[in-house]
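I have placed the structure first, in the form of structure tokens, so that the comments after it can refer back to it.
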Amino acid sequence: MRIKDSIILILFILFIQFRLSANSKKNPNILVLIADDAGMDFGCYGNKVIQTPNIDRLATNGMVCGNAFLTTPQSSPSRTSILSGQFAHTIGTEDLHTELNDHVQLIPSYLKQKGYYSGLLMKQHLGKNGNNQFDYVREDNDNKAPELFREFLDKTNGNPFFAWVAFHDPHRPYGGDQGAKKIHNPDDVMVPVYFSDTNETREEIALYYDEIHRMDKNIGNMVSELEKRGILENTLIIFLSDNGMPFPRAKATVYDSGIRTPFIMYWEGHIKPGAKYDRLVSVIDLAPTILDIAGVDKPAEMYGRSIQPIFTDQSLPGRSFIFSERNWHDSDEHIRSVRSERYKLILNGYPELLFPITGDYSKSPAWRDLLKGKEMGILNKYQKAIFEFPRYQVELYDLMTDPYEVNNLIDREEYQQIAFEMNNALLKWKEKTNDYPSFKKRRSDFIDRKSGFFFNFGHHRDYKKYGYWND
1 MRIKDSIILI LFILFIQFRL SANSKKNPNI LVLIADDAGM DFGCYGNKVI QTPNIDRLAT
61 NGMVCGNAFL TTPQSSPSRT SILSGQFAHT IGTEDLHTEL NDHVQLIPSY LKQKGYYSGL
121 LMKQHLGKNG NNQFDYVRED NDNKAPELFR EFLDKTNGNP FFAWVAFHDP HRPYGGDQGA
181 KKIHNPDDVM VPVYFSDTNE TREEIALYYD EIHRMDKNIG NMVSELEKRG ILENTLIIFL
241 SDNGMPFPRA KATVYDSGIR TPFIMYWEGH IKPGAKYDRL VSVIDLAPTI LDIAGVDKPA
301 EMYGRSIQPI FTDQSLPGRS FIFSERNWHD SDEHIRSVRS ERYKLILNGY PELLFPITGD
361 YSKSPAWRDL LKGKEMGILN KYQKAIFEFP RYQVELYDLM TDPYEVNNLI DREEYQQIAF
421 EMNNALLKWK EKTNDYPSFK KRRSDFIDRK SGFFFNFGHH RDYKKYGYWN D
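By the count of the UniProt record's numbering, the sequence shown reaches residue 471 at its end, each step adding exactly one.
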């Protein structure tokens, strides 16, 4: 009898283990790590100076997407777009600091049907209606990130989880931050050709590197915690940024320096280590991909598609076109762009205005050094581009021969067919996504485009009170 009871007990234990194993494979944990203004400065993306060992390790053991792009180069519009699987103008969050409407559902709402416990950690930037869709919401400085992550994991109670960890790093201001030690030598940093190569600009880039390094360290601690708890092997980890680096002609522009993002995916047993995918990828596909992995049907309102098939087959074709938009961000704009693997076409709704800049870098050495160089007449063609005026209403670039996007080809006869095809694709996208014309919304700037002087009246929800905003 004892033998029979023992056999039954063993079989019962094996059955439970099998069910747990099956559920584990069926419902993976999903951890999204999103940087704030990080650009492409990581070792795995070719920066040989910056120290990002933990992110590089995820890349080495997972897949690196070399041509991933954002739907917008602005913080809150980018985040709401990624989490909703929709373009910012389709859900009314196209302008900076606009809170999410209560009828828009984000990834965690869809995952609830599969028993997922969700967390919004660190920076929020979604508004009350966005925050309320998460089970666990905590905001703190980045030095507390590992602690909050452990607290979040403790509350999952064995359920699969979806965690959106939004770092503040490497957002400005720089210098004096606890935990962001000065470890990068300004003499060694990589200075983009459209910056002035001065000591002050180099020092600022080094501080930007330091904050990325702090974020990398926090990511390493989080991955170690997953490993310690024995759940790393069943966790999909995704790393990306919300927009380009917070410097001139990067963040808040639809040039590649503003919309190209690091995009790394790690999932043991599902993504082969060292995988690379260099076809076009849009972050509009992230939400459908996560739902697909969790076994949730894609809702009709999502514009993207699941890219899970590229986890195992990197020869699959990417997108034919990438679409992005830039709207109000300290300065008003109505910019739309379409990018293929080789060309990019940009439509500027307000070409009569100077090139837009943002308040967060308007007092920076990088911006001031460009202004000084302009006054002295010593800027190169890449540095001069930010001051070009009047602007073209239409810009067309050959990214193969002109990766920094300074040689506009729109008036060249031999490129008219390409321009026509690109514009046609953009117009179809605008119609499909119910985009509004540039004349429908005009807002006042809160920054002087010529000097960079920032006169801030608070968040845009108060702008009507001051008479600067008229919808």
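We treat Cβ as the ideally placed atom computed from N, Cα and C, and that holds for glycine. The structure presented is a predicted model; accordingly, all values stated were derived computationally and were not measured.
| request: Answer yes or no: do ILE219 and LEU347 have a C-beta to C-beta separation smaller than 8 angstroms? | output: no
| Fully enclosed by the stretch 214 to 245, which beta strand (DSSP E) runs are 3 residues long or longer? | 235 to 241
| task | Report, in whole angstroms, the separation of the C-beta atoms of GLY66 and LYS276, which I expect to be a contact under 8 angstroms. | result | 6 angstroms
| said: For a quick check, are the C-beta atoms of HIS171 and ALA252 less than 8 angstroms apart? | reply: no
| query | What are the boundary residues of the beta strand (DSSP E) that includes ASP398? | reply | 394 to 398
| message | For LEU58, report the span of its alpha helix (DSSP H) as first-last. | response | 53 to 60
| said: Excluding the 5 residues flanking PRO288 on each side, which residues of the same chain have their C-beta closer than 7 angstroms to its C-beta? | reply: GLY85, LYS298, MET302, GLY304, ARG305, SER306
| field | Extent of the continuous beta strand (DSSP E) to which THR261 belongs | value | 260 to 266
| said: Taking only three categories from DSSP, how would you classify PHE152? | reply: helix
| Tell me which same chain residues have a C-beta within less than 7 angstroms of the C-beta of MET40, skipping the five on either side of it? | ARG260, PRO262
| said: Let me confirm a value: SER451 is counted as buried when at least 16 other C-beta atoms fall within 10 Å, else exposed. Which label applies? | reply: exposed
| said: So for LYS272, helix, strand or coil by DSSP? | reply: coil
| DSSP beta-bridge partners for LEU121? | ARG138, VAL165
| Exposed unless 16 or more other CB atoms sit within 10 angstroms - verdict on ASN327 | buried
| task | Starting from LYS344, follow its DSSP beta bridges and name the residues at the other end. | result | ARG339, TYR397
| request: Please report the residue range of the beta strand (DSSP E) in which GLY66 lies. | output: 63 to 69
| request: Would you mind reading off the limits of the alpha helix (DSSP H) that contains SER84? | output: 75 to 84
| Okay, do the stretch 89 to 104 and the stretch 307 to 322 touch, 3+ Cβ pairs below 8 angstroms being the bar? | no
| Should LEU120 and VAL137 be called a contact, given that it needs their Cβ atoms to be closer than 8 angstroms? | yes
| message | Check for me: the beta strand (DSSP E) holding ASN29 runs from which residue to which? | response | 29 to 35
| field | Contact belief for ALA294 with LEU96 at Cβ below 8 angstroms, rounded distance in angstroms | value | 31 angstroms between Cβ atoms; not a contact.
| task | Kindly give me the distance between the Cβ atoms of LEU153 and ARG229, rounded to whole angstroms, as I take these residues to be in contact under 8 angstroms. | result | 7 angstroms
| ARG202 versus LEU370: straight-line alpha-carbon distance, rounded | 13 angstroms
| said: Taking its Cβ as the centre, do 16 or more other Cβ atoms sit within 10 Å of GLU388, making it buried, or is it exposed? | reply: exposed
| Helix or strand or just coil, what does DSSP make of ALA366? | helix
| Backbone secondary structure at VAL283 - three-state DSSP | helix
| Under a Cβ-count criterion, where at least 16 other Cβ atoms within 10 Å of its own Cβ denotes burial, should MET400 be classed as buried or exposed? | exposed
| Is it buried or exposed for GLN178, if we count other Cβ within 10 angstroms and need 16 for buried? | exposed
| query | Hey, which unbroken runs of the alpha helix (DSSP H) at 4 residues or more fall wholly within the stretch 170 to 211? | reply | none
| Is the CB-CB distance between LEU207 and GLY244 below 8 angstroms? | no
| task | In the DSSP assignment, find the beta strand (DSSP E) that holds PHE323 and state where it starts and stops. | result | 322 to 326
| Can the beta-carbon of VAL64 be found closer than 8 angstroms to that of ILE264? | yes
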